[in-house]
Amino acid sequence: MSDISAQSALKSARGIFPGLLTAVTVALAARFLSEHYGAPVMLMALLLGMAFSFLSEDDSVCLPGIEFASKTLLRFGVALLGLGITVQQIAATGPAVLLVTVSGVAFTIGSGLAIAWLLGRRAAFGMLAGGAVAICGASAALAIASVLPRDSTLERDTVFTVIAVTAMSTLAMILYPIIAAALELSDLATGVFLGATIHDVAQVVGAGYSVSDDVGDTATFVKLLRVALLVPLVVILSMVFARQTETPGGRRLPFPFFVIGFSALVVVGSYGVVPEATKAWLLSFSKWCLTAAIVALGMKTSLKRLGDVGGGAIVMIVALTAGLAALALLLVKMTAL
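In the numbering used here, the protein residues as written are -18 to 318.
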């Protein structure tokens, strides 16, 4: 039995290796360009990855490794970032951060339902779009879809939402740091703004660390606060619709264990359990994991597929994205972060 398991693991590793090696190699190139030309490494990683998007086609030998890098490697890298944040830093952020985060989530989900009604779309679509923008992008869309009433349009709306929110999140990763700089926000305010508004974890990491390590740490923490809100939202929706929590494909909803890992490492790193040299090495390794993950994300971004998104989904997600950004900026200014 153990021999069969070992052979299966080896076969899986062999399938992952080509794509993972490619992502790491492109990440090395992105790091080289960043160090020699002063460009943000995460932005270089995204653009270089998009140049190799043909490697993520369905019949590509690299596809399994690209999927692994964009999901598993990303989550591992984010979890390790917990070592760079201490309990003392979290306490110093105060209730204002919680206010910005929770208000943004509630406002965006409510707006999604309202805009869906105005556009004559189903409330389920408003919940999908609002939840995806408010919490964690594509992951939230899939999680919310798993507990909504299933009908002939649910899967189509879910696919549209995933594509549209990924496109908007990538655009936000590039534009929001520029907006924060133009408004002369402090490092703390910039981190809160980025973490409270950008949809997917990968793009939050890319945007935050393209500004500075401090901004990246804050943005990641705020983003994980939003991710944590997905759990109660899905539980509430599942109770409302009284359905078994499965994805449209019949799979169980995966729990975001990297959030637990991140939280545990925050505690571990706060009280000197990990030697400083080891902590520094792990944080450096985390940045490499995230760079490779951003490369893989770029490889999975197909401009051709974006043209298939429905007009209603685009209008709604653009409006929700702009509304969330405006609210977050207003609250950041009001709370004087």
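Glycine included, every Cβ here is placed at the ideal spot set by N, Cα and C.
In this model, Thr259 and Thr272 are separated by some 20 Å (Cα to Cα).
When the beta-carbon positions are compared, Val128 and Leu218 come within less than 8 Å of each other.
If you check the CB distance, Ala110 and Thr142 come in under 8 Å.
Rounded to whole angstroms, the separation of the alpha carbons of Thr134 and Asp195 is 43 Å.
DSSP places Phe141 inside the alpha helix (DSSP H), whose first and last residues are 135 to 163.
Boundaries of the alpha helix (DSSP H) around Pro45: 44 to 49. One Cα belongs to Asp39, the other to Lys268, and the distance between them is close to 28 Å.
Per DSSP, Thr201 is one residue of the alpha helix (DSSP H) stretching across 194 to 209. Taking every protein chain shown into account, the CB of His17 has fewer than 16 other CB atoms within 10 angstroms, so this residue is exposed. Contact check for Ser251 against Val68 passes: the beta carbons are separated by less than 8 Å.
Counting other Cβ atoms within 10 Å of its Cβ, Asp138 reaches 16 or more and is therefore classed as buried. DSSP, read as helix, strand or coil, puts Asp39 in coil.
By alpha-carbon distance to Ile144, the top candidate from Leu278, Gly253, Gly304 is Leu278. Put simply, of Cys43, Met31, Phe106 the residue whose alpha carbon is nearest the alpha carbon of Ile(-3) is Cys43.
According to the DSSP assignment, Lys260 belongs to the alpha helix (DSSP H) that extends over 257 to 280. DSSP, reduced to helix, strand and coil, places Thr89 within a helical segment of the structure shown. With respect to Leu312, Val81 sits close: the two C-beta atoms are nearer than 8 Å. Between the alpha carbons of Ala115 and Ala77 lies a gap of roughly 18 Å.
Note that the C-beta distance between Ala97 and Gly112 is not below 8 Å.
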